[in-house]
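**Q** So in the UniProt record's numbering, spot 132 of the sequence shown is number 132, and the numbers just go up one at a time. All C-beta atoms, glycine included, are put in the ideal place defined by N, C-alpha and C. What follows is a single structure, and I will ask about it in a moment.
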Amino acid sequence: MLGKFIVIEGLEGAGKTTAINAVTHILIKKNITELVYTREPGGTAIAEALRTIIKKGLNDEPLTDKAELLMFYAARIQLIENVIKPALQANKWVIGDRHDLSTQAYQGGGRQIDPQFLSMLREGVLAGFKPDLTIYMDISPELGLQRARSRGALDRIEQESLPFFERIRARYLELARRDKSIITIDASQSLEHVTHDLQHVLNLWLHSNGID
Ligand code: Z5A
1 MLGKFIVIEG LEGAGKTTAI NAVTHILIKK NITELVYTRE PGGTAIAEAL RTIIKKGLND
61 EPLTDKAELL MFYAARIQLI ENVIKPALQA NKWVIGDRHD LSTQAYQGGG RQIDPQFLSM
121 LREGVLAGFK PDLTIYMDIS PELGLQRARS RGALDRIEQE SLPFFERIRA RYLELARRDK
181 SIITIDASQS LEHVTHDLQH VLNLWLHSNG ID
């Protein structure tokens, strides 16, 4: 793989869109201009169809936690094989709005899926494929949901209870502490401070990868 895969993660309303714009700006300044954007779930025809079912449900049929989990992985592997890997092989950089860390946090932490089942599924589907860098935008569920609400109606997952989102945040923080390829940003700060921190950590990471 010649390109790099950078993922932005966080609770809803954390400011992932703002972060993606800031990362783009920094990469372009370094003359990295062949950029591909992905969002998960989504990014291929099949993955987008799954996204609609996951977010809106279908005909009021209850969606079980395991079916939801399998849909996220089905969407993800479609995206990896059809979009992400071909882009990386063509020396493009991929900027992802969410990836597998979301599953670990939302389905593992939020839905409390059995850890052994989750890790078996992850290994079986992804076979070790992972981002080069993940930027986790940390925010409290209260503030994140307040921001998300100001944009309009909440979807199926966004309507979950506060403890659900507290478990997700706790899992994100725990996983970020354990994995050096995940960098945490305090997303509760003003836009100006968040952008400053993003520039700082990304420039350091690029430098450590020989890109100045
Ligand atoms: N999900 C899952 O469960 N498992 C998985 O494996 C995956 C996903 C991949 C995807 O929905 C849902 O699927 C998501 C997780 C779950 N569900 N939930 N709940 P999505 O893609 O539609 O939603 P999202 O990923 O959560 O995106 P979002 O709501 O658009 O969040 P955001 O991108 O972080 O928000 P934003 O648009 O950048 O910012 C929100 C607002 O806050 C906006 O008006 C900004 O102007 C404002 N903002 C941002 N930063 C600031 C600061 N610093 N100060 C003040 N205001 C700010």
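Assuming I183 contacts Y106 under a Cβ cut-off of 8 Å, what Cβ separation, rounded to an integer in Å, is found between them?
**A** I183 to Y106, Cβ: 20 Å. No contact.
**Q** Within 10 angstroms of the Cβ of D60, are there 16 or more other Cβ atoms? Answer buried if so, exposed if not.
**A** Exposed.
**Q** Does the Cβ of L175 lie closer than 8 Å to at least one heavy atom of the ligand Z5A?
**A** The answer is no for L175.
**Q** Excluding the five sequence neighbours on either side, which residues of its own chain have a C-beta within less than 7 Å of the C-beta of E142, listed in chain order?
**A** The answer is none, since no qualifying residue turns up.
**Q** T64 by DSSP, collapsed to three states: which one?
**A** Three-state DSSP puts T64 in coil, outside helix and strand.
**Q** Should A187 be listed as close to the ligand Z5A, given that the test is whether its C-beta is under 8 Å from any heavy atom?
**A** Checking the Cβ of A187 against the ligand Z5A gives yes.
**Q** Look at the Cβ atom of G13, then the Cβ atom of R147, and state whether they are nearer than 9 Å.
**A** Closer than 9 Å, so yes.
**Q** Do the segment 108-126 and the segment 82-95 touch if we need at least three Cβ pairs shorter than 8 Å?
**A** They do not touch, by the three-pair rule.
**Q** Once the 5 residues before and after L191 are set aside, which same chain residues still bring their CB inside 8 Å of it?
**A** Excluding residues within five positions, the ones whose Cβ falls inside 8 Å are G15 and T18.
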